[in-house]
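For reference, the structure is listed below as structure tokens.
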Amino acid sequence: MCGRNQGQQRGFTLIEMLISMSMGLMIVGGISMIFMSNSNVSRVISSQTEIMGDLYLASHLMQADLRESIVVTAPVPSFPADLVSGARKPTGVCASPNNKSVSLPTNYPASFPSYPYWDATSKTLTYQDMDGHTGIIQYQRPSSTCPNNGAGCISWLRPDICAWKFEELIRGMDEANGLAITISTTGEVNVVLTAAYDNEQHQSRTLSLSFKTWPRN
């Protein structure tokens with residue numbers, strides 16, 4: 157009788173142990189899922205913070221230039237003099253090599269009715285500073301250094317007579333609507349920058365930053 161009770165006791169303890177182990181595995185699995193979920197959320201938040209920082213920096217650079225630009229109606233000549241062949245980096249003003257030509261965007265306008273001017277075909281914003289130097293902000297400029305041949309990049313030609321090459325301003329933009337610009341008849345420039353990222357479910361999402369600015373003249 158005593159031996160039978162001891163066997164029953166040992167069997168009950170084994171079942172209890174198996175149940176405890178199963179519960180423990182479930183708890184560990186739940187904790188792991190929470191940890192992975194929190195890690196994904198942290199990664200997305202970190203990515204969003206980095207993207208917003210890039211958008212603010214790009215918008216600051218764009219605003220600084222546009223605020224120093226001028227409003228011109230029916231400019232003469234109708235095409236910027238410093239964008240013709242060999243007009244950049246003039247001798248005696250800029251360091252060599254001199255007399256460089258800007259690699260103009262595909263389908264770039266042959267003339268301009270006003271400055272600043274947004275051309276949707278070439279995806280360019282063209283403007284001039286108070287010294288008559290021309291700047292260009294271009295969306296999706298083909299590039300060997302920017303991902304997807306520049307599809308998500310914004311490039312910038314500074315309004316500086318000694319600058320003749322486009323530089324990358326920001327990457328990681330939405331490849332369909334990364335840059336949207338409207339210009340009023342008074343020269344007010346409205347800009348919307350939209351960047352792309354993947355959320356914790358690896359779904360494509362966007363972050364946008366908008367600003368408006370007025371040229372000084």
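Following the working numbering from start to finish, the sequence shown increments by one per residue and tops out at 373. Cβ coordinates follow ideal geometry from the N, Cα and C atoms, glycine included.
Check	Outcome
Excluding the 5 residues flanking G343 on each side, which residues of the same chain have their C-beta closer than 6 Å to its C-beta?	V227, P371
Pick helix, strand or coil for N355, following the three-state DSSP scheme.	coil
Kindly indicate which residue of G291, F322, D316 has the alpha-carbon position closest to the one of G306.	F322
Run through the DSSP bridge pairs and tell me what Q294 is partnered with.	T280, S311
T369 lies in the beta strand (DSSP E); which residues open and close that run?	360-369
Give me the Cα-Cα distance between N346 and L181, rounded to the nearest whole angstrom.	56 Å
Could you give the distance in angstroms between the alpha-carbon of I326 and the alpha-carbon of I339?	22 Å
To the nearest angstrom, report how far apart F268 and L335 are at their CA atoms.	21 Å
Can you grab the Cα-Cα spacing for the pair P272 / Q357, in whole Å?	41 Å
Between the Cα of D285 and the Cα atoms of D316, S360, A251, which residue gives the shortest distance?	D316
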